[in-house]
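Let me begin by presenting the structure, written as structure tokens, before commenting on it.
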Amino acid sequence: MKLSKLLEHLNFTCIQGSTDTDITDLLYDSRKVHEGSVFVCISGSVRDAHEFIPEVIEKGAAAVVVEKDVTAPEHVTVIKVNNTRKALAFMSAAYFDYPAEKLKTIGITGTKGKTTTAYMVRSILEKSGFKTGLIGTIETIIGDKVIKASNTTPESYIVQQYFREMVDAGCDSVVMEVSSQGLMLHRVSGFTFDYGIFTNLEPDHIGPNEHKDFDDYARCKAMLFKQCRHGIFNGDDPHLDRMLEGHTCDVETFGLSDKNDLWAKDIQLLHKPGCLGVTYQLEGKLSMPVEIDIPGKFSVYNSLTAIAICLNFGVEASAIQSALKDVRVKGRVEIIPISPRFTLMIDYAHNAMALESLLLSLKEYHPKRLVSVFGCGGNRDPHRRFEMGEISSKLADLTVVTSDNPRFEEPMAIIEDILVGVKKGPGKYITIPDRKEAIRYCMTHAEDGDVIVLAGKGHEDYQEIKGVKYPMDERDLIADILKETPIS
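Going by full-length UniProt numbering, the sequence shown opens with residue 1, and the numbers climb by one from there.
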């Protein structure tokens with residue numbers, strides 16, 4: 001492959017050498033460079049890859065792509081661009097022969113709901129005959145292949161690689177979660193989404209290693225709508241105008257009022273033995289009853305998002321109804337059916353905002369008791385512990401404080417921090433450091449009508465202690481407890 005092929009949609013300056021250079025590989029990890037590679041120098045938060053230019057040249061790199069002034073031997077081609085992250089995205093698309101052009105691409109952004117909505121969309125499309133790939137927080141799915149995720153939105157090279165694998169596996173569509181970081185770091189540059197989705201916006205991911213403030217967070221989210229053909233927006237969100245600033249896409253909205261193109265009315269909470277859900281009447285572009293066996297009114301918004309997307313694919317109403325009723329998302333208000341007497345669920349809520357939203361939603365079902373089981377991660381901001389403790393104590397009838405990922409901290413030290421917040425609220429509490437024993441306590445002491453939520457771990461299947469990740473999946477813990485202890 002010629003270097004010129006990878007550069008065909010980039011603005012660049014050839015500082016030395018020739019774009020007619022033959023290239024064997026496109027790389028951004030200096031450890032993988034070999035003879036004939038083109039190396040893209042990414043300026044990261046920890047290391048600046050421009051520092052590795054002598055090393056990659058020694059390994060045989062034929063060309064380097066830079067955004068700073070550098071020196072290199074005459075036989076090495078040097079390409080200068082304004083932004084090497086953006087360059088990597090465009091070069092990756094070319095390297096994998098523009099696979100996004102062969103897929104219907106759906107990008108979902110927002111503070112909450114991305115993961116659940118992505119699985120809803122995939123479930124509906126798959127049941128309607130569309131072979132659909134998925135890239136998200138939990139995993140990437142390519143046909144029968146499942147890859148655990150390390151980032152919500154992978155690096156641009158990986159995104160394009162996954163797209164190529166999806167095309168080769170016969171996929172015709174892909175739904176992916178698009179994080180604000182992913183947009184800010186150009187991980188989804190280099191192609192145009194067919195559909196860009198906005199779920200909602202709340203203050204999150206603001207800090208020294210993420211976004212400097214809420215304005216920056218919102219600005220990055222809105223980038224998606226300058227990079228998609230058709231935009232589908234939560235028309236009820238107070239920040240809708242921010243998302244529409246400078247948009248270049250067609251606009252469609254969903255929500256709970258008839259000002260939207262698609263809306264829900266007559267919302268009813270559904271409470272069946274051992275299960276919680278919601279029903280509503282859909283109106284607007286399509287009129288039909290909808291039932292979802294996932295609790296909370298936020299499930300209405302998630303399902304409206306999925307319906308709006310799938311109607312653009314011509315999916316029939318019956319297929320949408322069937323898929324939504326059966327959809328389950330690992331670690332997202334995931335109900336584990338073990339007894340008709342009480343409801344047990346697993347959720348990823350691992351900060352104060354998410355826990356508050358979850359507990360408020362569950363309180364609307366008027367459980368006999370609302371039981372909140374959670375811990376907090378070690379080597380993280382201790383204020384999160386105080387906040388989560390206080391919110392749980394204010395909203396839950398019983399808080400069971402346990403261990404999460406203690407990392408390099410002592411579990412009891414983390415628990416003591418959580419208790420500072422717990423003691424500010426009126427709820428009862430108990431501390432059980434061993435997570436399995438905490439879950440066992442809740443199951444064996446459950447009262448009729450209880451709703452028990454295991455918060456914080458969600459889809460995670462490990463516990464990190466002293467730098468080591470040990471296998472620990474709450475579903476397995478529950479299964480073990482059921483074998484060891486009779487639960488009526």
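Every residue, glycine too, gets a C-beta built ideally from N, C-alpha and C.
query: Through-space distance from residue 173 to residue 498, alpha-carbon basis; result: No statement about residue 498 is possible, as the shown extent of the chain runs from 1 to 488 and does not include it.
query: Residue of 457, 440, 463 minimising C-alpha distance to residue 484; result: 440
query: Beta-carbon proximity check, residue 128 vs residue 313, cutoff 9 Å; result: yes
query: As assigned by DSSP and simplified to three states, the class of residue 181; result: helix
query: Cβ neighbours of residue 250 in the same chain (closer than 8 Å, five flanking residues each side left out); result: 229, 230, 231
query: Residues that residue 289 bridges to, as DSSP identifies them; result: 281
query: Own chain, CB closer than 6 Å to residue 56, minus 5 neighbours either side, in chain order; result: 30, 33, 39
query: Under 9 Å between C-beta atoms of residue 252 and residue 306; result: no
query: Cβ distance (whole Å) where residue 175 is taken to contact residue 108 below 8 Å; result: 7 Å
query: Euclidean distance between Cα positions of residue 448 and residue 336; result: 16 Å
query: Straight-line gap, residue 133 to residue 166 (C-alpha atoms, nearest Å); result: 6 Å
query: Inter-residue spacing [alpha-carbon to alpha-carbon] between residue 352 and residue 391; result: 7 Å
query: Buried versus exposed, by CB contacts within 10 Å (16 or more), residue 383; result: exposed
query: Length of the line joining the Cα atoms of residue 1 and residue 97; result: 11 Å
query: Which listed residue (296, 124, 215, 220) has its alpha carbon closest to that of residue 326; result: 124
query: Inter-residue CB distance, residue 378 and residue 399 (contact presumed, cutoff 8 Å); result: Their Cβ separation, rounded to whole angstroms, is 19 Å, which puts residue 378 and residue 399 out of contact at 8 Å.
query: Runs of beta strand (DSSP E) lying entirely within the region 218–250, each at least 3 residues, in chain order; result: 228–234
query: Span separating the alpha-carbon of residue 62 from that of residue 148; result: 33 Å
query: Cα-Cα separation, residue 403 to residue 59; result: 46 Å
query: Spatial distance of residue 477 from residue 461 (CA atoms); result: 10 Å
query: Residue 16 versus residue 23: straight-line alpha-carbon distance, rounded; result: 16 Å
query: Through-space distance from residue 25 to residue 219, alpha-carbon basis; result: 34 Å
query: Coil, strand or helix - residue 63 by DSSP; result: strand
query: Residues bridged to residue 133 [DSSP beta-bridge criterion]; result: 174
query: Reduced DSSP secondary structure (H/G/I, E/B, other) of residue 107; result: strand
query: Residue 197 to residue 136 span [Cα, whole Å]; result: 14 Å
query: Environment of residue 82 [buried if 16+ CB atoms lie within 10 Å]; result: exposed
query: Nonlocal neighbours in the same chain, by C-beta distance under 7 Å from residue 497, ignoring five residues either side; result: Since the displayed the chain opens at 1 and closes at 488, residue 497 lies outside it and no answer follows.
query: Pairwise C-alpha distance: residue 420 and residue 395; result: 16 Å
query: Short Cβ contact (9 Å threshold) for residue 141 with residue 121; result: no
query: Euclidean distance between Cα positions of residue 159 and residue 188; result: 7 Å
query: Counted within 10 angstroms of its Cβ, other Cβ atoms place residue 157 as buried (16 or more) or exposed; result: buried
query: Three-state secondary structure assigned by DSSP to residue 124; result: helix
query: Nearest-angstrom Cα separation, counted from residue 299 out to residue 237; result: 15 Å
query: Inter-residue Cα distance where the pair is residue 7 and residue 86; result: 12 Å
query: Straight-line Cα distance separating residue 4 from residue 20; result: 6 Å
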